[in-house]
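Peer 1:
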Amino acid sequence: MTETVAAPSPGLGLRNRFNELVRLTELDGRLLGMIVTLIAIEIGFGIYTGGNILNPVNLLTFVTQAIEIAILATGMVLVIVSRNIDLSVGSVLGVVAMVYAVLMHEVYPTTIGVNTPYGWLLALAAGMGLGVILGGIQGFLIAYAGIPSFVVTLGGLLAFRGLIFDISGGSTQAPDDKQFVTLGGGPLGSLGGTMSWVLGAILGVAIVAYLFYNRRQRRKFGFPLRPMWAEVGVAVGGILIVIFGVLVSNAYHWPIGLIKQYAAEHNISPNGLDFEAGIPWPLVILLVVTVAMTFLSTKRKFGRYVYAIGGNPEAAELGGINTRWTIMKIYILMGFLCAIAAAISSAQINGATNDLGQGYELLVISAAVIGGTSFAGGVGTIPGAVLGAIVIYALRYNLQFIGLPSNNQDIVIAIVLVAAVAFDTYTRRRST
Amino acid sequence: MRQRLAALAAVAVLALAACNGTGSSNAPTGGTPAASSGTAAGCVIGVSWNNYDQERWKKADEPAIKAAIAAGGGTYTSTDAHDSSDQQNKDIQTLVNQHVKVIILLAKDATAVLPAVTAAEQAGVQIIGYDRLIEDPKALYITFDNKRVGTIMAQTLLGVQPTGNYAIIKGDPGDPNAAFLRSGMDDGGLKDAVSSGKVKIVGEVNTPNWDTTGAKNEMQAILNANNNKVDAVLSENDGMATGVSQALQAVGLTIPLSGQDGDAAALNRVALGQQTVSVWKNAFALGETAGSAAIQMCGGTALADVKAPSDLPAATKPADLNTHDFTTPGNNTVKSIILNPTPILKANLADVITAGWVTKDQVCTGVAAGAVAACG
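Protein sequences appear in the order of chains X and P.
According to this note's numbering, the first sequence is numbered sequentially starting from 32.
According to this note's numbering, the second sequence is numbered sequentially starting from 2.
#1: Taking the alpha carbon of X:Leu109 as the reference point, which residue from X:Pro311, X:Val337 and X:Val395 has its own alpha carbon closest?
#2: Could one say the Cβ of P:Thr78 lies closer than 9 Å to chain X's Cβ atoms, at least one of them?
#3: Could you check which residue in X:Ser328, X:Gly121, X:Thr142 and X:Leu194 has the C-alpha nearest to that of X:Gly409?
#4: Are the beta-carbon atoms of P:Val203 and P:Val231 separated by less than 9 Å?
#5: DSSP three-state label for X:Ala266, please.
#6: Going by DSSP in three states, P:Ser311 sits in which element: helix, strand or coil?
#7: Within 10 angstroms of the Cβ of P:Pro34, are there 16 or more other Cβ atoms? Answer buried if so, exposed if not.
#8: Check whether the region 79-93 of chain X touches the region 148-157 of chain X, counting contact only when three or more Cβ pairs, one atom from each stretch, lie closer than 8 Å.
#9: Would you mind reading off the limits of the alpha helix (DSSP H) that contains P:Cys365?
#10: Just checking: is the beta-carbon of P:Asn27 within a distance shorter than 9 Å of some beta-carbon in chain X?
#11: Just mark X:Ile442 as buried or exposed, buried being the case when its beta carbon has 16 or more other beta carbons within 10 Å.
#12: To the nearest angstrom, how far is the alpha carbon of P:Pro177 from that of X:Thr456?
#13: Nearest to P:Gln156 by alpha carbon, out of P:Asp212, P:Gly357, P:Leu273 and P:Pro344?
#14: Taking the DSSP output, what are the residues bridged to P:Asn323?
#15: Since P:Pro116 meets chain X, which of its residues come closer than 7 Å, beta carbon to beta carbon?
#16: Is X:Val263 close to chain P? Criterion is C-beta to C-beta, closer than 9 Å.
#17: Looking at C-alpha atoms only, which residue of X:Phe49, X:Phe76 and X:Val395 is the closest neighbour of X:Gly434?
#18: Considering only residues of the same chain and omitting the five flanking positions on each side of P:Thr30, which have a CB-CB separation below 8 Å?
#19: Counting only beta-carbon atoms, is X:Phe191 nearer than 9 Å to chain P?
#20: Does P:Val14 pass the burial test, meaning 16 or more other C-beta atoms within 10 Å, or should it be called exposed?
#21: Along the chain, where does the alpha helix (DSSP H) containing P:Asn269 start, and where does it finish?
#22: Tell me which residues share the same chain as P:Thr214 and place their Cβ nearer than 8 Å to its Cβ, disregarding the 5 neighbours each side in the sequence.
#23: Quick check on the DSSP output: what are the complete alpha helix (DSSP H) runs of length 4 or more inside the region 149-180 of chain X, in order along the chain?
#24: Distance, Cα to Cα, P:Gln99 vs X:Gly44?
#25: For P:Asn90, would you say it is in contact with chain X, using Cβ-to-Cβ distances shorter than 9 Å as the test?
#26: Leaving out five residues before and five after X:Gly166 in sequence, what residues of the same chain have Cβ atoms less than 6 Å from its Cβ?
#27: From X:Ile198 to X:Ala190, what distance separates their C-alpha atoms?
#28: List, in order along the chain, the chain X residues whose C-beta lies closer than 7 Å to that of P:Thr112?
#29: Give every residue of the same chain whose Cβ lies closer than 8 Å to the Cβ of P:Ile354, excluding the five residues on either side of it in the sequence, and list them in chain order.
#30: Helix, strand or coil: which one does DSSP assign to P:Thr329?
#31: Figure out for me which residue from P:Asn227, P:Thr277 and P:Ile135 has the closest Cα to the Cα of P:Gly331.
#32: Between the alpha carbons of X:Ala445 and X:Gly388, how many angstroms are there, rounded?
#33: In the region 424-455 of chain X, which residues sit with their C-beta less than 7 Å from some C-beta in chain P, listed in chain order?
#34: Please report the straight-line C-alpha distance between X:Glu99 and X:Leu318, rounded to a whole angstrom.
#35: According to a CB-to-CB cut-off of less than 9 Å, which residues of the region 84-107 of chain X neighbour chain P?
#36: Under the rule that 16 or more other beta-carbon atoms within 10 Å means buried, what is P:Asp54, buried or exposed?
Written out as structure tokens, the structure reads:
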């Protein structure tokens with residue numbers, strides 16, 4: 032079988048030649064744009080603060096703060112792509128978080144005991160089950176009863192928030208099991224220096240292996256190959272990003288109070304003791320969720336169906352896609368993701384409050400939209416939404432850092448949201 | 002072109018961040034100790050507001066805290082959690098990253114905020130629990146004596162109406178302050194008056210959310226049940242006293258009524274004779290105390306040695322300026338500075354006007370000339 036390697040068309044100007052080269056790497060232009068935006072934000076604030084803000088701890092902090100919204104945003108992309116909406120994500124997160132806390136705070140002490148090795152896993156399973164059920168109920172009403180998703184999920188937002196009060200009896204519930212709390216991050220909820228490098232190595236190998244596999248599949252089925260320099264470029268770029276991530280995570284060390292505590296517990300001197308915190312568990316969870324959701328949306332039938340429904344619902348239906356079952360699955364998946372995000376939220380406050388998750392739906396939708404998801408349907412990427420969430424929190428954190436009052440922070444984020452969508456609409460109109 | 006700029010920008014930032022990374026990898030707290038929003042010599046104090054949009058904080062507490070910090074040579078920075086407990090935890094983390102030395106914390110939820118408080122203390126930051134209790138023995142608790150508010154209410158009303166039928170309109174059942182107030186009323190003579198038969202409690206209700214209309218409806222119900230034979234009403238705050246007052250006026254009753262907070266409408270009622278007392282918490286004094294304590298803690302003073310400012314108004318100043326042990330409901334012992342609330346009666350309305358809490362116009366609307374000393 033003959034091998035075709037893609038190559039830039041001859042005789043183009045310098046600028047177009049550059050664009051062609053980027054196109055040949057097959058990286059999503061919008062995604063690259065998001066990364067550019069993030070870097071530009073950091074550079075801008077870096078210059079403004081004279082370099083102070085470029086401390087890796089700051090970078091790690093706002094990325095960690097963005098994780099719950101980012102996880103929810105991966106599911107929201109599919110919801111919006113399919114021409115629906117989900118306003119209930121904050122309330123579902125709140126209910127599941129309260130269930131986690133009540134289980135570990137009220138049920139466990141008299142049954143299986145607290146801080147058992149498996150208690151947190153049972154709680155997680157229960158929460159995920161609840162998330163799936165709540166998502167399923169909404170999905171059923173939207174897909175099979177034909178009620179508009181805005182109405183159903185608005186009902187969900189109100190009803191589930193009310194349910195939280197019933198479960199908690201009106202008070203805040205705390206604490207969670209110790210093992211559960213590690214899901215929230217922090218120095219005790221991170222991988223540590225060595226394991227972070229191990230994870231980094233695994234990721235690096237995975238990137239290279241995936242590129243090899245991809246090239247082999249293309250050759251096998253006769254698709255045009257990426258030029259070799261593009262393959263190497265993407266591999267090196269990916270590995271550099273992984274190394275950067277591990278370096279940033281390892282730059283965060285255990286605070287002095289924690290080291291003293293550790294030294295006292297292990298009967299050693301705290302002098303000279305120093306631990307790297309490493310990659311926090313919530314970030315690991317986000318990576319797994321992002322990779323899984325991207326895989327689901329691009330390489331599985333389910334994902335392709337969602338985009339087809341979003342692009343043209345009638346054509347999808349006539350083409351034989353079970354649109355109703357697909358939409359119900361979208362909401363079930365969203366409920367499942369709410370349970371994962373709820374675990375991180377609950378772990379971070381070591382319990383659950385009645386107001387946990389309130390207002391999240393708007394941030395999640397903003398993240399998806401900034402990341403390139405369109406309300407017209409059919410368009411949007413998972414990595415874009417994750418980056419969208421990080422951009423929102425980068426802005427928030429940096430603005431807070433330079434001392435801008437919080438109401439003004441909201442104004443800035445609103446401007447960015449609208450500008451991002453306006454820019455996206457403009458480029459899309461230009462390309463058609 | 003955009004992509005090319007992007008590539009250059011990417012390389013530049015990667016280089017910058019990596020340099021900063023290796024530079025600080027030896028620091029135990031993972032951050033370059035060099036200046037961010039405060040020099041190593043100066044003292045940066047951060048305030049974590051629960052819900053800054055509420056009027057009181059911007060009007061009274063914040064200016065007082067800022068002034069006290071500036072007087073001590075420190076720098077002020079703040080965050081607003083928009084009434085969200087997990088956002089407050091993130092805010093505390095952000096303040097720690099900004100290298101503040103002390104955090105003045107107005108907690109949205111005293112339990113949920115503990116993980117962030119613990120993490121901050123592990124990073125070497127000190128915490129002041131402002132107005133609301135945090136169950137943390139390492140924090141300094143600065144607040145008003147909530148039980149004493151109830152005591153003052155009962156004492157004042159029993160002073161003008163020692164016998165008769167009393168109604169008690171209490172606040173939200175989930176708010177511990179409501180319970181503090183009620184137990185303070187007992188200490189203020191109510192318990193004795195009831196057991197000696199001088200006073201009969203003809204109605205005692207909780208009001209969800211301290212709601213004004215809810216209080217009005219409850220008062221109407223109590224009046225109806227007793228044929229309007231009610232001689233005094235203990236309302237736990239001014240918002241509810243507004244509702245109670247509406248119910249009383251509807252049946253033409255003017256009887257002794259209490260309140261709390263020093264709301265402008267309530268102070269006006271005091272001037273007009275429709276409310277007997279509003280127990281005022283001088284938020285200016287609270288802010289000044291917290292700011293001054295933060296400066297002392299920043300300079301290395303131990304919690305046991307922190308002193309309240311000596312120039313606090315006499316009515317607000319505690320008996321002595323030292324910190325005292327306070328036993329919390331959760332059985333922790335925290336060091337605390339507890340300020341005294343000020344009863345505002347017709348005779349001393351001038352106090353709230355001179356302190357800048359309300360204007361003379363707000364207090365004196367509709368008052369006949371010469372009827373009230375403060376209104377002239």
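Glycine included, every Cβ here is placed at the ideal spot set by N, Cα and C.
What you are looking at is a predicted structure, and each value in this text was computed from that prediction instead of being measured.
Peer 2: Considering the structure as presented:
#1: Its Cα nearest to that of X:Leu109, the residue X:Val337 stands out among X:Pro311, X:Val337 and X:Val395.
#2: Chain X, which has a Cβ nearer than 9 Å to the Cβ of P:Thr78, makes this yes.
#3: Comparing alpha-carbon positions, the option among X:Ser328, X:Gly121, X:Thr142 and X:Leu194 lying closest to X:Gly409 turns out to be X:Ser328.
#4: Yes, the pair counts as a contact, with Cβ atoms nearer than the cut-off.
#5: If DSSP states are grouped into helix, strand and coil, X:Ala266 belongs with the helices.
#6: Residue state for P:Ser311 is assigned as coil, using DSSP reduced to three classes.
#7: Because P:Pro34 sits at a pLDDT of 35, beneath the cut-off of 50, its placement in the model cannot be relied upon, and the following sentence gives the value as read from the coordinates. Per the 10 Å Cβ criterion, exposed.
#8: Using a Cβ-Cβ distance cut-off of 8 Å, the region 79-93 of chain X and the region 148-157 of chain X are not in contact, since fewer than three pairs of beta carbons, one from each stretch, lie closer than that value.
#9: From DSSP, the alpha helix (DSSP H) with P:Cys365 extends over Lys361 to Cys365.
#10: In this prediction, P:Asn27 has a pLDDT of 29, which is less than 50 and means its spatial position is unreliable; nothing more can be read from the coordinates.
#11: By the neighbour-count rule (16 or more Cβ atoms within 10 Å), X:Ile442 is not buried but exposed.
#12: Spanning the two alpha carbons is a distance of roughly 52 Å.
#13: Nearest of P:Asp212, P:Gly357, P:Leu273 and P:Pro344 to P:Gln156, Cα basis: P:Pro344.
#14: Beta-bridge partners of P:Asn323 (DSSP): P:Lys308.
#15: Here the neighbours are Gln379, Ile380 and Asn381.
#16: Residue contact with chain P for X:Val263: absent (no Cβ-Cβ distance below 9 Å to any residue of chain P).
#17: Closest by alpha carbon: X:Phe76.
#18: Residue placement at P:Thr30 is flagged as unreliable, the pLDDT there being 32, under the threshold of 50; the coordinate-derived value follows with that caveat. Taken in chain order, the residues that qualify are Ala124 and Gly125.
#19: At a cut-off of 9 Å between beta-carbon atoms, X:Phe191 makes no contact with chain P.
#20: Here P:Val14 scores only 47 on pLDDT, less than 50, and its place in the model should not be relied on; the value that follows carries that caveat. Burial call: buried.
#21: From DSSP, the alpha helix (DSSP H) with P:Asn269 extends over Ala265 to Leu273.
#22: Contacts found: Gly244.
#23: Restricting attention to alpha helix (DSSP H) runs no shorter than 4 residues, the region 149-180 of chain X encloses them at 150-174, ordered along the chain.
#24: C-alpha separation (whole angstroms): 48 Å.
#25: It does: the Cβ of P:Asn90 has a partner Cβ on chain X nearer than 9 Å.
#26: Only Tyr362, Ile363, Met365 and Gly366 meet the Cβ criterion.
#27: Approximately 13 Å, taken between the alpha carbons.
#28: Per Cβ cutoff of 7 Å: Thr203, Ala205 and Gly382.
#29: Cβ within range, chain order: Thr360, Lys361, Val364 and Ala375.
#30: DSSP places P:Thr329 outside both helix and strand once states are collapsed to three, so it counts as coil.
#31: Looking only at P:Asn227, P:Thr277 and P:Ile135, the smallest Cα-Cα distance to P:Gly331 is reached by P:Ile135.
#32: Annotation: X:Ala445 to X:Gly388 spans about 20 Å, alpha carbon to alpha carbon.
#33: Of all residues in the region 424-455 of chain X, Tyr428, Gln431, Phe432, Gly434 and Ser437 have a Cβ within less than 7 Å of some Cβ in chain P.
#34: Linking X:Glu99 to X:Leu318 through their CA atoms gives a straight-line distance of about 12 Å.
#35: Those residues of the region 84-107 of chain X that come within reach of chain P (Cβ to Cβ, closer than 9 Å) are Ile84, Leu85, Asn86, Pro87, Val88, Asn89, Leu90, Leu91, Thr92, Phe93, Thr95, Gln96 and Glu99.
#36: Note on P:Asp54: under 16 other CB atoms within 10 angstroms of its CB, so exposed under the neighbour-count rule.
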